[in-house]
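Asks:
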Amino acid sequence: MKILLSLILLATSSLFAWDGQRKGFLLGIGAGAASAGYGLDDAEDDLDPKTVQWLSAMTASRIGYAWTNSSAIELYSNSVGVPGAGYVGYSAINYQWWNSPEVNANSWFGGVGLLSESNGISYKDFDPKPADMGFGLNIGYGREIASHASVELNMIMGAMTDEHYRVSNDEWEKGKESSNVFVALSVSMNLTGY
0 MKILLSLILL ATSSLFAWDG QRKGFLLGIG AGAASAGYGL DDAEDDLDPK
50 TVQWLSAMTA SRIGYAWTNS SAIELYSNSV GVPGAGYVGY SAINYQWWNS
100 PEVNANSWFG GVGLLSESNG ISYKDFDPKP ADMGFGLNIG YGREIASHAS
150 VELNMIMGAM TDEHYRVSND EWEKGKESSN VFVALSVSMN LTGY
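In case it helps, numbering that gives the first Met the number 0 puts the sequence shown at residues 0 to 193.
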């Protein structure tokens with residue numbers, strides 16, 4: 000991990016990385032709040048919940064390349080906490096477009112990627128529970144409020160297969176499979192090096 004962090008810092012300290020122009024290598028991080036929820040398809044009667052919603056902290060990151068001061072391709076990542084259950088992670092290939100090469104520009108971004116939910120809990124004598132997986136897409140709007148700083152509004156939508164794992168004979172066993180629709184709306188403050 001230290002080697003990876005060192006390589007990222009070395010790459011961002013190149014002559015082209017922090018020159019104030021978006022063209023070239025981009026690296027960004029962000030944090031904020033999210034409103035997220037699931038639509039559940041496995042409700043067996045009217046007493047079972049059909050939706051689950053929550054408010055949570057969220058983090059975002061991006062690394063990519065801008066071939067002009069207005070267009071970039073990025074590997075985008077977003078994590079939303081799930082109360083008492085870990086987090087939902089989203090990793091995507093995004094296209095981002097700014098309406099101006101100048102500071103204080105508006106930007107729009109979007110892409111397609113993978114969703115995964117991990118409960119983040121370790122069990123004695125067991126491997127962690129396998130993550131639930133699915134596909135999703137995201138769309139968003141950002142506004143630069145200063146050089147290298149922006150406020151962003153982002154929506155992630157997708158579906159995950161829930162395997163309903165349980166312990167049987169001292170190992171994880173799949174239960175009845177169901178699909179959960181995941182939606183998250185987040186607002187974040189982001190710092191981007193370019």
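Even for Gly, the Cβ is constructed at its ideal location relative to N, Cα and C. Fair warning: this is a prediction, and the values are worked out from it, not measured in the lab.
How close, in whole Å, do the beta carbons of Gly-29 and Asn-189 come, if the pair is a contact with beta carbons under 8 Å?
Replies: As a first step, residue 29 is located in the sequence shown; it is residue number 30 there, counting from the start. As a first step, residue 189 is located in the sequence shown; it is residue number 190 there, counting from the start. Rounded, the Cβ-Cβ distance is 3 Å, consistent with contact.
Asks: With distances taken Cα to Cα, identify the nearest neighbour of Ala-148 among Trp-53, Asn-179, Thr-191.
Replies: The residue you call residue 148 lines up with position 149 of the sequence shown. For the residues Trp-53, Asn-179, Thr-191, the minimum Cα distance to Ala-148 belongs to Thr-191.
Asks: Spatial neighbours of Ile-138 within its chain, please: C-beta separation below 6 Å, excluding the five flanking residues on both sides.
Replies: In the sequence shown, the residue the question calls residue 138 occupies position 139. Gly-109, Met-154, listed in sequence order.
Asks: Can you tell me the Cα-Cα spacing of Asp-131 and Gly-27, whole angstroms?
Replies: Stepping through the sequence shown from its first residue, residue 131 is reached at position 132. Stepping through the sequence shown from its first residue, residue 27 is reached at position 28. Cα-Cα distance, rounded: 27 Å.
Asks: Among the residues of its own chain, which have a CB less than 6 Å from the CB of Ser-70, if the five just before and after it don't count?
Replies: For the purposes of this step, residue 70 is taken as the residue at position 71 of the sequence shown. Around Ser-70: Trp-96.
Asks: Which residue's Cα is closest to the Cα of Gly-112: Leu-136, Ala-104, Ser-146, Ser-99?
Replies: Residue 112 sits at position 113 when you count from the first residue of the sequence shown. For the residues Leu-136, Ala-104, Ser-146, Ser-99, the minimum Cα distance to Gly-112 belongs to Leu-136.
Asks: If you run the structure through DSSP and keep just helix, strand and coil, what is Tyr-75?
Replies: One-based indexing of the sequence shown puts residue 75 at position 76. Note: Tyr-75 maps to strand in three-state DSSP.
Asks: In chain order, what residues of the same chain lie with their CB nearer than 6 Å to the CB of Ser-13, ignoring the 5 residues before and after it?
Replies: Along the sequence shown, one-based indexing puts residue 13 at 14. Unreliable positioning characterises Ser-13 in this predicted model, as indicated by a pLDDT of 45, which lies under 50. The coordinate reading is nonetheless provided below. Nothing listed; no residue qualifies.
Asks: Can you tell me where the beta strand (DSSP E) with Asn-193 in it begins and where it stops?
Replies: Start at 1 with the first residue of the sequence shown, and residue 193 comes out as number 194. Just to set this straight, residue 193 is Tyr in the shown sequence, not Asn. It is not in any beta strand (DSSP E) - Tyr-193 carries neither H nor E in the DSSP assignment.
Asks: From Ser-185 to Leu-54, what distance separates their C-alpha atoms?
Replies: By one-based count along the sequence shown, residue 185 stands at place 186. By one-based count along the sequence shown, residue 54 stands at place 55. Between Ser-185 and Leu-54, the C-alpha separation is close to 10 Å.
Asks: Work out the CA separation of Asn-105 and Asn-98 for me, nearest whole Å.
Replies: As a working note, residue 98 is residue 99 in the sequence shown. As a working note, residue 105 is residue 106 in the sequence shown. When rounded, the distance between both Cα atoms is 6 Å.
Asks: Just to check my reading of the structure: Glu-116 and Asn-93 have Cβ atoms closer than 8 Å, yes? What is that Cβ distance to the nearest angstrom?
Replies: For the purposes of this step, residue 116 is taken as residue 117 along the sequence shown, with counting starting at 1. For the purposes of this step, residue 93 is taken as residue 94 along the sequence shown, with counting starting at 1. Actually they are not in contact, since the Cβ atoms of Glu-116 and Asn-93 sit about 21 Å apart, beyond 8 Å.
Asks: If we ignore side chains and look at the alpha-carbon of each, how far apart do Tyr-140 and Tyr-86 end up?
Replies: The residue given as residue 140 occupies position 141 in the sequence shown. The residue given as residue 86 occupies position 87 in the sequence shown. So the two alpha carbons sit approximately 23 Å from each other.
Asks: Smallest Cα separation from Ala-56: which of Pro-82, Leu-114, Gly-19?
Replies: As a first step, residue 56 is located in the sequence shown; it is residue number 57 there, counting from the start. The shortest Cα separation from Ala-56 among Pro-82, Leu-114, Gly-19 belongs to Pro-82.
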